[in-house]
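These notes are about the structure you will find just below.
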Amino acid sequence: MIEARGLARTFRTRRGAVVAVAGVDIDVAPGELVGFLGPNGAGKTTTLRMLTTLLRPTAGSATVAGHDLATDPAGVRRKIGYVGQSGGAGTDCLVGEELVVQARLYGIPAAEAHRRAAELVERLDLTGTERRVVRTLSGGQRRRLDIAMGLVHVPRLLFLDEPSTGLDPQSRANLWEHIRSLHAEHGTTLFLTTHYLDEADALCDRILVIDQGRIVAEGTPDALKRRVSGDLVLVGSGEPERVAAIAERLGQVSELVVAERSARFRVPDGAAVLPGLLRELDGAGIAMTSVEVRRPSLDDVFLTLTGRTLRDAEQKVSA
Amino acid sequence: MTTLVQIWLIFQRAMRQSLRNPVWVIIGIVQPVLYLTLFGPLLQPLVAATPGFPPGDAYQVLVPALLVQLGMFGSLFAGFSLIQEYRTGVVERMRVTPVSRTALLLGRSMRDVVVLVVQGILLTLVAMLFGLRAPPLGIAVALVLVAVVAVATSAASYAMALLVKSEEALGPLLNAIVVPLLLLSGILLPMTLAPAWLFALSRLNPFAYVVDAERAAFQGAVVSGTVGLGLAVAVGVAALTVAWGVRTFHRESA
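Structure, rendered in structure tokens:
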């Protein structure tokens, strides 16, 4: 569905050339739900804008939905849907009218455009909003309208740029449900960018991690997490040194840290070592206040891959 | 054919937006009506007493010029609505559809033309209450000219809007352009009154020819060199600004 080779973009500014995307290879198969994860300023949106014909690459090539990006941008446009970061519905237009106009811009005849608008309104829980002015919609409704607009021509490939940014947790969960069903029930190939780890983790089959204009890792959320050296085990106890001494004997332990009232370390399979560990600690008469096994998060992955946490990476960009 | 349908779609959408906030259409007409009521009476004794004025009474001199002013000012600020649509992602959303970039511009410009011609008709009707006398064919030709001016200025306004992308920058930019254009057009007072150097300078302003043509049309000289020249200049400027506007809609960073 997407095949990009060495796609790159350099911007010219007064202070010289700035490399936004330094040559990325992207392969997305039909039906996949792929996330493009990285801190703000990593090059996610620039890449997306190149893949959707909004920005001309300065190097590289790509085929998107069967059409060459450089030689047939109009062909690409006919086949893809795009939901930009700032939405795209006119704030002082009516919901229903915007959907119909959008469909007609793709050359869909009026009657069919109305039928599709009605169908999408229902599918995205926007029933009753057709005669409302876009400005009066809630954040979540607005976002669902944006997605509906991206679907009027039934694209096989939909791009979503930071779909849940600015939404409250409930609207966010609801939006994820819609994205999942779009993928599961309609088989739409989805390519989304996000700087939220939980979003990439919760939604995507596969994740491409981008940092400073380069793809630094790629894989399923689980595979990426496996690249971090194991699960984090936290034992709360008044005698953390003794806990640590016993933990060290487990084998394959790394990053052992003794804090004031706890000890923590990483092992490849936290759940499997736990019973034995507890037995030994109990046998040694060590009192425990809590025990916790934490699967590695994508934040840990990002840290392992780039040496920085996502938050640090973003602060550096905004500074 | 497809492009025409697309222009129609974009036009309808823009027109609905204007009709939903008709207050702006009203505000747009207030300014020329103020000129008519507060400046027209001032002009009346001047026209009678001053040599150098074109033939006709004060309103035959003032109203055609006010139509051009309406065309210039009304459409020149059309770009503000586009900046708002740029910011809310509407422009980008439409640019990812296969719609022709010409339609994205002309659909909007056509809305401005329709709004303007309606305002022009209203202005002429009000002027008739004040005692304007002009042949209907002359008025019709004058309104066609104003429509062409509206295409030219709105296309330029959209092009500038997409280039600067901020209201704070667009306002001063438009003012910097429109004030010299206004002063050198002979809208307020005919350039026939001007000293030779100022008259020569005004000949560099395309709108000066349009104002001359409008005044001639209101005199009934519909088939005349002045009207022909004014129309040719207006069409030429419109062709240039439309080409510029379409190019900015094509531009990748738009």
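Same order as they appear, the protein sequences are chains A and B. According to our numbering, the first sequence holds residues 16 to 334 in order. According to our numbering, the second sequence holds residues 1117 to 1370 in order. Ideal Cβ positions, reconstructed from N, Cα and C, are used throughout, including at glycine.
> Quick one: what does DSSP say B/I1156 is sitting in, helix, strand or coil?
Replying inline: Walking along the second sequence from the start, residue 1156 of chain B turns up at place 40. It is worth fixing the name first, because residue 1156 of chain B is Gly in this sequence and not Ile. B/G1156: helix per DSSP, three-state reduction.
> What are the boundary residues of the beta strand (DSSP E) that includes A/T28?
Replying inline: Residue mapping note: residue 28 of chain A aligns to position 13 of the first sequence, counting from 1. Unbroken beta strand (DSSP E) run through A/T28: I17 to T28.
> Considering A/D336, what are the terminal residues of the beta strand (DSSP E) in which it resides?
Replying inline: Lying outside 16 to 334, the shown extent of chain A, residue 336 of chain A is not represented and no answer is given.
> Is there contact between the region 285-304 of chain A and the region 252-265 of chain A, where contact requires at least three CB pairs shorter than 8 Å?
Replying inline: yes
> Does the beta carbon of B/G1205 come closer than 8 Å to any beta carbon on chain A?
Replying inline: The count along the second sequence starts at 1 and reaches residue 1205 of chain B at position 89. So yes, B/G1205 belongs to the interface.
>> Run through chain B and tell me which residues come within less than 8 Å of A/M164, C-beta to C-beta.
In response: Sequence index remark: in the first sequence, residue 164 of chain A carries index 149 (1-based). Simply R1209.
>> Give me the chain B residues within the contact set of A/T208, using Cβ-Cβ distance strictly less than 8 Å, ordered along the chain.
In response: Numbered from its first residue, the first sequence carries residue 208 of chain A at position 193. Correct list: empty, because the minimum Cβ distance to chain B is about 15 Å.
>> On a Cα-Cα basis, can you pick out the residue from B/G1344, B/A1348, B/V1294 and B/R1132 that is closest to A/L109?
In response: Reading the first sequence from its first residue, position 94 is the one you call residue 109 of chain A. Closest option to A/L109, Cα to Cα, is B/R1132.
> To which residues of the same chain is B/M1226 closer than 7 Å at the C-beta, ignoring the five residues directly before and after it?
Replying inline: One-based indexing of the second sequence puts residue 1226 of chain B at position 110. Closer than 7 Å at the Cβ level, and outside the excluded window around B/M1226, lie I1123 and F1127.
>> Output needed for B/S1318: all residues of its chain with C-beta closer than 8 Å, excluding positions within five of it in sequence on either side, in chain order.
In response: For the purposes of this step, residue 1318 of chain B is taken as residue 202 along the second sequence, with counting starting at 1. Excluding positions up to five away in sequence, the list reads L1300, S1301, G1302, M1307, A1310 and A1324.
> Terminal residues of the continuous alpha helix (DSSP H) containing B/T1118?
Replying inline: Sequence index remark: in the second sequence, residue 1118 of chain B carries index 2 (1-based). Unbroken alpha helix (DSSP H) run through B/T1118: T1118 to R1136.
> Run through DSSP, which three-state label would A/V272 get?
Replying inline: Sequence index remark: in the first sequence, residue 272 of chain A carries index 257 (1-based). The answer is strand: DSSP assigns A/V272 an E or B state.
> Looking at the C-beta of B/T1364, does it have a partner C-beta in chain A at a distance below 8 Å?
Replying inline: As a first step, residue 1364 of chain B must be located in the second sequence, where it is residue number 248. Judged by the 8 Å Cβ criterion, B/T1364 is not in contact with chain A.
>> Under DSSP, the alpha helix (DSSP H) around B/G1344 begins and ends at which residues?
In response: In the second sequence, the residue the question calls residue 1344 of chain B occupies position 228. That run of the alpha helix (DSSP H) goes G1341 to H1366.
>> At the level of alpha carbons, what is the spacing between A/K59 and A/M65?
In response: As a first step, residue 59 of chain A must be located in the first sequence, where it is residue number 44. As a first step, residue 65 of chain A must be located in the first sequence, where it is residue number 50. Distance between the alpha carbons of A/K59 and A/M65 is about 10 Å.
> Just by C-beta distance, which residues in the region 1253-1280 of chain B are closer than 9 Å to chain A?
Replying inline: none
>> For A/D83 and A/F206, what's the separation of their Cα atoms in angstroms?
In response: If you number the first sequence from 1, residue 83 of chain A lands on position 68. If you number the first sequence from 1, residue 206 of chain A lands on position 191. Rounded to whole angstroms, A/D83 to A/F206 spans 18 Å at the Cα level.
> Exposed or buried, which one is A/Q267 when buried takes at least 16 other CB atoms within 10 Å?
Replying inline: Taking the first residue of the first sequence as 1, we reach residue 267 of chain A at position 252. The residue is exposed, with fewer than 16 neighbouring Cβ atoms inside 10 Å.
> Cα-Cα, which of A/T25, A/L52 and A/V43 is closest to A/D213?
Replying inline: As a first step, residue 213 of chain A must be located in the first sequence, where it is residue number 198. Nearest C-alpha to A/D213: A/L52.
> Going by the beta-carbon positions, is the gap between A/L152 and A/L160 smaller than 8 Å?
Replying inline: Indexing the first sequence from 1 puts residue 152 of chain A at position 137. Indexing the first sequence from 1 puts residue 160 of chain A at position 145. Yes. Within cutoff.
>> Please report the distance separating the alpha-carbon of B/T1364 from that of B/R1211.
In response: The count along the second sequence starts at 1 and reaches residue 1364 of chain B at position 248. The count along the second sequence starts at 1 and reaches residue 1211 of chain B at position 95. Cα-Cα distance, rounded: 12 Å.
> What does A/R92 touch in chain B if you count any residue whose Cβ is under 9 Å from its own?
Replying inline: Residue 92 of chain A sits at position 77 when you count from the first residue of the first sequence. Residues of chain B passing the Cβ test: R1211, V1212, T1213, P1214 and V1215.
> When the Cα of B/L1286 is compared with those of B/I1199, B/V1163 and B/A1164, which residue comes out closest?
Replying inline: As a first step, residue 1286 of chain B is located in the second sequence; it is residue number 170 there, counting from the start. When each option's Cα is compared against that of B/L1286, the closest is B/I1199.
>> For a test of the three-state rule: what should DSSP assign to A/F51, helix, strand or coil?
In response: Within the first sequence, residue 51 of chain A is the residue found at index 36, counting from 1. Strand at A/F51.
> Candidates A/E177, A/V149 and A/L271: which alpha carbon is nearest B/E1201's?
Replying inline: On the second sequence, position 85 is the one that residue 1201 of chain B refers to. Among A/E177, A/V149 and A/L271, the Cα nearest to that of B/E1201 is on A/V149.
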